[in-house]
Every structure is written in C-alpha cells, then in structure tokens.
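Structure first, commentary second.
Residue numbers (the working numbering): 5 to 468.
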C-alpha cells in the first residue's frame with residue numbers, strides 16, 4: 005500500500021525532557037549482551053562516546069526532495085505514522101515522503117527481497133535481527149553516527165544504542181524495548197465463571213477445562229501461532245532450568261530438555277487451553293486479530309509483544325474486557341523470557357538524501373512526530389520522545405502497563421538469531437515445521453526436538 009503524503013497538519017509538542025527510564029535501560033542492557041555475544045566487534049566504546057560526524061550536514065529546505073519510508077503494523081500505527089508524516093511535510097514543505105506499509109504477515113519476505121536488490125525504502129522500520137541477518141558487515145544500512153548533528157543520539161541510552169551496533173556501525177536507533185506478555189478478554193473468562201486473570205500453569209489448565217465445559221469446544225482461553233509457541237516454550241524452559249536459550253552462540257538445552265518443553269506445549273493443547281494448529285489453520289486467517297474467533301471472543305487470550313495490544317483490542321466486537329495479564333513463572337529457577345529492541349529505524353545505503361532521512365528520524369522519535377506517534381510502536385526509548393508523547397497524552401495506558409510489567413520481570417538476554425527468517429518464517433521456517441508437524445502428529449516429541457535443535461544449531465553455526 006502506497007500513499008504520497010502532501011497534506012499538512014499542525015502538530016503539538018512539549019519539549020520537556022525526562023530523566024532516563026531505568027527499566028528500559030536495564031532491558032536494553034540485556035539485549036545488548038546478546039548483541040555483543042553474536043557480533044565479534046564490541047560496541048561499548050563507540051556508542052558511549054559519540055563521535056562527531058566526518059562532515060557537517062545541513063538539511064535542504066529549498067529544493068524538492070522525495071523520500072520513502074516503510075513500516076509494518078496495525079491500523080492505528082498506520083494512522084499515527086501518516087499523521088506524523090503530514091506534520092513533517094508541514095515543517096519541511098519541500099520534502100515529500102511516500103510510505104509503504106502493511107501487516108506483519110509476509111512483510112519480512114518482501115523487505116528482504118527489496119534489501120537484496122538495494123531497493124529498500126530510504127527510511128525503514130526494521131526488526132532488530134535484520135541488522136544481523138541482512139547487514140552483518142554494515143552493507144545495507146547507514147552508520148547513523150555519521151549524522152549525529154541531525155539526529156540527537158544523546159536521547160538514547162548507551163545500552164540501547166549498543167544493541168543496534170553491528171559491524172561497528174550504529175545501523176538503527178531503537179524505537180522501543182519490548183517483551184512478551186499475556187492479554188485476556190475477561191468478558192469471555194467471566195462467561196466461563198472465571199473472575200481473575202491466569203497467573204500460573206494450573207490456572208491455565210483450569211481455564212481450559214472451564215471454557216470447554218461451560219462455553220463449548222469452540223472456545224479457548226488462549227490462542228498462539230507457531231512462533232508464539234516457540235517463545236512460550238522458551239519462557240517455560242528458562243523458568244524451569246534457569247538458563248538462557250542461547251549463550252555464547254550455542255543452544256544451552258539438550259534434546260531431552262527440549263522434549264520437556266514440547267510436552268508443555270502439548271499439554272496446553274490436550275487440556276483445551278490452546279487450539280491445535282490444524283484447528284487454527286482450518287479457520288483460514290493470517291493473524292489472530294483478524295480471525296472471527298478472536299473478534300467474537302471465542303479465542304480469549306493472546307501472548308504478544310507489549311507494543312502490539314492496540315490491534316487486538318480494537319478488533320474485538322466488545323473490547324470492554326480487554327486486560328493486560330501478568331507474566332507467568334513456569335518454574336522457580338528464573339523469570340523466563342527476554343526483552344529486546346522492539347524495532348529500530350534505519351536509513352538504507354541506497355538512500356539519495358540521507359541528511360533529510362536523518363531529519364525525518366529525528367522528527368519522528370525526538371521531535372514533534374514523537375507526540376503524534378505516542379506508544380503506537382511501543383514505549384519510546386528516546387528520552388525526548390517519551391517526554392513529548394507523555395506531554396501530549398499519547399502514551400496508551402495499556403501499552404505502558406504491559407511494558408512496565410515485562411521489563412520488571414524478564415531475566416534473559418535474547419539471541420539475535422532467535423528471529424532468523426530460517427527459523428521463524430511462517431511458510432518453511434524451522435519453528436513452523438516443528439510446531440505444525442508436532443501438532444499435526446507428523447512428529448513425536450523426540451523427533452520434533454531433534455529437528456528444532458538441529459535447525460537452531462545450524463543457524464548459530466552459520467553465524468559464528
């Protein structure tokens with residue numbers, strides 16, 4: 005979907021700055037630890053002391069300039085971006101920005117093809133792992149430190165910036181930090197006679213039984229896709245065994261331990277907590293928020309990023325019961341789960357106007373645009389951006405509540421290759437093969453564990 009932005013609207017902004025957010029910084033540090041493990045080049049000194057750009061830059065405010073930008077998300081994010089781009093055009097009438105945007109399903113495949121052909125948008129909303137997967141030597145994205153006289157990089161903590169340094173290049177600025185948490189449609193839970201959100205494995209099992217007995221076979225307390233299952237299994241394993249999924253570029257779990265994790269997921273199916281993959285595939289939808297089962301409340305829970313609740317809440321026919329849940333600790337060895345850079349904003353090396361592209365990034369995340377974007381991409385990692393969003397009352401309480409709970413809970417760093425397309429691709433990725441095959445009965449737990457461990461090890465070895 006493409007639409008040229010040529011209309012101008014006034015945007016309000018408050019320039020009051022906040023002190024840094026301690027939870028976000030500590031979460032960024034965890035993600036940074038994973039980044040430094042995966043990349044042989046240490047970024048600590050380069051991010052801590054911002055180098056001056058090699059040349060001074062000046063934003064062109066007279067000649068006609070065309071930029072492109074791309075992002076993924078739901079309808080509310082699309083609307084926020086478009087309003088922010090209109091405000092940017094009002095500030096710089098000579099710059100026209102043409103956006104490309106859509107849902108996440110199939111998005112990475114399109115963007116990877118564009119990047120391979122050096123045809124990516126000038127400014128790209130990027131997933132954190134893209135820096136490692138598509139630009140491991142810095143070949144696709146600009147080092148934003150070269151434009152530090154345009155982008156105020158001091159608004160991001162060193163730890164957050166370090167997480168985006170790959171091949172000694174600051175290839176993106178982090179938009180936000182994120183992690184996974186549960187959301188519940190408590191209207192449906194109450195119909196099943198349950199008044200409180202699930203806070204334990206036993207609560208989930210009890211909910212599955214209550215939903216089936218009181219509401220019918222079509223009702224489930226939780227719905228999760230293939231990648232969601234992998235993340236939830238990782239939460240379970242890290243909680244029970246007290247070790248990160250990957251450290252020092254090696255999976256820390258044996259096949260026997262992974263079998264335990266797969267059996268955990270299987271127990272959720274067996275106890276009617278989650279629908280089987282055949283059940284979900286037969287429904288024929290691309291994403292849970294688009295399914296009639298979610299819209300009607302038959303699927304009453306999701307396990308999602310803290311930056312993504314809006315599209316699920318707005319999709320419900322009756323969203324009055326949509327609630328942020330609690331993190332569930334599935335064992336006593338650790339708080340399982342991880343945080344990561346939710347997404348970043350990068351400039352492609354094919355961009356013909358990198359100075360103006362840098363001005364757009366600064367506008368969106370440090371300037372007036374931040375007041376418009378609010379928390380549509382998560383809680384802003386930029387100090388100035390967060391201040392502007394809060395002053396404009398544009399931080400959604402739901403997102404803030406979820407983000408606060410996530411960052412206070414999770415213990416583990418995320419390996420950047422956890423999200424490799426070879427693993428998480430929804431068509432032929434390892435996670436899809438394993439969890440669909442296991443749910444269909446094509447693999448038993450031992451076979452699925454072997455395939456999963458071999459696939460993860462292969463990706464890690466290729467990036468050693």
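The beta carbon of each residue, even a glycine, is placed where N, CA and C say it ideally should be.
Check: Among residues of its own chain, excluding the 5 on either side of residue 449, which ones have a beta-carbon nearer than 6 Å to its beta-carbon?
Finding: Position 445 of the chain shown, counting from 1, holds the residue named residue 449. Taken in chain order, the residues that qualify are 263, 266 and 267.
Check: What's the call for residue 42, buried or exposed, on a 16-neighbour Cβ count within 10 Å?
Finding: Taking the chain shown and counting its residues from 1, one reaches residue 42 at position 38. Confidence is the limiting factor: at residue 42 the pLDDT is only 39, short of 50, which leaves the residue's position unreliable, though a coordinate-based value still follows. When all chains shown are included, residue 42 counts as buried.
Check: So what does residue 384 bridge to, in DSSP terms?
Finding: Position 380 of the chain shown, counting from 1, holds the residue named residue 384. Residue 384 pairs with 180.
Checklist line | DSSP three-state assignment for residue 40, whether helix, strand or coil | finding: As a first step, residue 40 must be located in the chain shown, where it is residue number 36. Low confidence applies here, because residue 40 scores a pLDDT of 38, under 50, leaving its location unreliable; read the following figure in that light. It is helical.
Next item on the list: With distances taken Cα to Cα, identify the nearest neighbour of residue 389 among 230, 215, 421 and 155.
Entry: Reading the chain shown from its first residue, position 385 is the one you call residue 389. The option with the nearest alpha carbon to residue 389 is 155.
Note to self: Helix, strand or coil, according to DSSP, for residue 130 in the structure here?
What the structure shows: Residue 130 sits at position 126 when you count from the first residue of the chain shown. Looking at residue 130 - three-state DSSP - the assignment turns out to be strand.
Notebook entry, point to check: Should residue 97 be labelled buried (16 or more other beta-carbon atoms within 10 Å of its own) or exposed?
Noted result: Here the question's residue 97 lines up with position 93 in the chain shown. By the neighbour-count rule (16 or more Cβ atoms within 10 Å), residue 97 is not buried but exposed.
Checklist line | Three-state secondary structure assigned by DSSP to residue 303 | finding: Here residue 303 is taken as the residue at index 299 of the chain shown, counted from 1. In this structure, residue 303 counts as strand in the three-state DSSP scheme.
Check: Roughly how far, in whole angstroms, is the beta-carbon of residue 457 from the beta-carbon of residue 259, given that I think they are within contact range, below 8 Å?
Finding: Taking the chain shown and counting its residues from 1, one reaches residue 457 at position 453. Taking the chain shown and counting its residues from 1, one reaches residue 259 at position 255. 6 Å between Cβ atoms; contact.
Notebook entry, point to check: residue 197: which of 360, 118 and 225 sits nearest, CA to CA?
Noted result: Within the chain shown, residue 197 is the residue found at index 193, counting from 1. It is 225.
Margin query: Helix, strand or coil, according to DSSP, for residue 4 in the structure here?
Written below: Outside the displayed range of the chain (5 to 468) lies residue 4, so it cannot be described from this structure.
Next item on the list: Rank 62, 367, 463 and 202 by C-alpha distance to the C-alpha of residue 419 and give the top, closest one.
Entry: One-based indexing of the chain shown puts residue 419 at position 415. Residue 419 has its Cα closest to that of 463, out of 62, 367, 463 and 202.
Notebook entry, point to check: With 16 other CB atoms within 10 Å as the buried threshold, where does residue 66 fall?
Noted result: Residue mapping note: residue 66 aligns to position 62 of the chain shown, counting from 1. Exposed, by the Cβ-count rule.
Checklist line | Buried or exposed by the 16-neighbour rule on C-beta atoms within 10 Å, applied to residue 252 | finding: Position 248 of the chain shown, counting from 1, holds the residue named residue 252. Residue 252 is exposed by the Cβ-count criterion.
Notebook entry, point to check: Helix, strand or coil for residue 408 per DSSP?
Noted result: Position 404 of the chain shown holds residue 408. In the structure shown, residue 408 sits in a helix (DSSP, three-state: H, G or I).
Margin query: Mapping the DSSP letters down to three states, classify residue 108 as helix, strand or coil.
Written below: Counting from 1 along the chain shown, the entry for residue 108 is found at position 104. Note: residue 108 maps to coil in three-state DSSP.
Notebook entry, point to check: Measuring CB to CB, does residue 368 end up less than 8 Å from residue 164?
Noted result: Within the chain shown, residue 368 is the residue found at index 364, counting from 1. Within the chain shown, residue 164 is the residue found at index 160, counting from 1. No, the pair does not count as a contact, with Cβ atoms beyond the cut-off.
Check: Roughly how many angstroms lie between the CA atoms of residue 460 and residue 396, to the nearest whole one?
Finding: Indexing the chain shown from 1 puts residue 460 at position 456. Indexing the chain shown from 1 puts residue 396 at position 392. Each residue's alpha carbon lies about 44 Å from the other.
Note to self: Taking 8 Å as the threshold (C-beta atoms), are residue 152 and residue 56 in contact?
What the structure shows: Position 52 of the chain shown, counted from the first residue, corresponds to residue 56. Position 148 of the chain shown, counted from the first residue, corresponds to residue 152. Yes; because the gap between Cβ atoms is below 8 Å, this pair is in contact.
Note to self: Taking 6 Å as the limit between beta carbons, can you name the residues of its chain near residue 280, skipping five residues before and five after?
What the structure shows: As a first step, residue 280 is located in the chain shown; it is residue number 276 there, counting from the start. Same-chain partners within the cutoff: 273 and 443.
Check: Going by other Cβ atoms of all chains shown within 10 Å of its Cβ, with 16 needed for buried, is residue 445 buried or exposed?
Finding: Locating residue 445 in the chain shown gives position 441, where the first residue counts as 1. So residue 445 ends up on the exposed side.
Checklist line | For residue 353, the first and last residue of its enclosing alpha helix (DSSP H) | finding: Working through the chain shown from its first residue, we reach residue 353 at position 349. From DSSP, residue 353 is part of no alpha helix (DSSP H); its letter is neither H nor E.
Next item on the list: Could you please give me the residues that DSSP links to residue 451 through a beta bridge?
Entry: By 1-based counting over the chain shown, the position of residue 451 is 447. When beta bridges are read from the DSSP output, residue 451 appears opposite no residue.
Check: Any idea what DSSP makes of residue 369, helix, strand or coil?
Finding: Along the chain shown, read from residue 1 onward, the residue named residue 369 stands at position 365. Three-state result, residue 369: helix.
Notebook entry, point to check: Would residue 220 be called buried (16 or more neighbouring beta carbons within 10 Å of its own) or exposed?
Noted result: Against the chain shown, residue 220 aligns to sequence position 216. Burial call: exposed.
Notebook entry, point to check: Tell me the DSSP bridge mates of residue 275?
Noted result: In the chain shown, counting from the first residue as 1, residue 275 sits at position 271. Residue 275 is not bridged to any residue.
Margin query: Taking the beta strand (DSSP E) that residue 145 belongs to, which residues open and close that run?
Written below: Walking along the chain shown from the start, residue 145 turns up at place 141. Segment: none, residue 145 is in no beta strand (DSSP E) and carries neither H nor E.
Notebook entry, point to check: By the 10 Å Cβ neighbour count, where 16 or more other Cβ atoms means buried, how is residue 204 classified, buried or exposed?
Noted result: Taking the chain shown and counting its residues from 1, one reaches residue 204 at position 200. Exposed, because fewer than 16 other Cβ atoms sit within 10 Å of the Cβ of residue 204.
Next item on the list: Give the single residue among 338, 342 and 365 whose Cα lies nearest to the Cα of residue 351.
Entry: Looking up residue 351 in the chain shown gives position 347. Nearest option by C-alpha distance: 365.
Checklist line | the stretch 429 to 444 touching the stretch 401 to 413, judged by at least three CB pairs closer than 8 Å | finding: Segments in contact, no.
Notebook entry, point to check: Does the separation of the CB atoms of residue 179 and residue 347 fall below 8 Å?
Noted result: As a first step, residue 179 must be located in the chain shown, where it is residue number 175. As a first step, residue 347 must be located in the chain shown, where it is residue number 343. Yes. Within cutoff.
Next item on the list: May I ask you to verify whether the stretch 315 to 329 touches the stretch 171 to 190, counting CB pairs closer than 8 Å and requiring at least 3?
Entry: yes
Next item on the list: Compare the Cα-Cα distances from residue 70 to each of 82, 133 and 126 and report the closest residue.
Entry: Against the chain shown, residue 70 aligns to sequence position 66. That would be 126, whose Cα lies nearest to the Cα of residue 70.
Next item on the list: Kindly identify the DSSP beta-bridge partner or partners of residue 344.
Entry: For the purposes of this step, residue 344 is taken as the residue at position 340 of the chain shown. Answer is 182.
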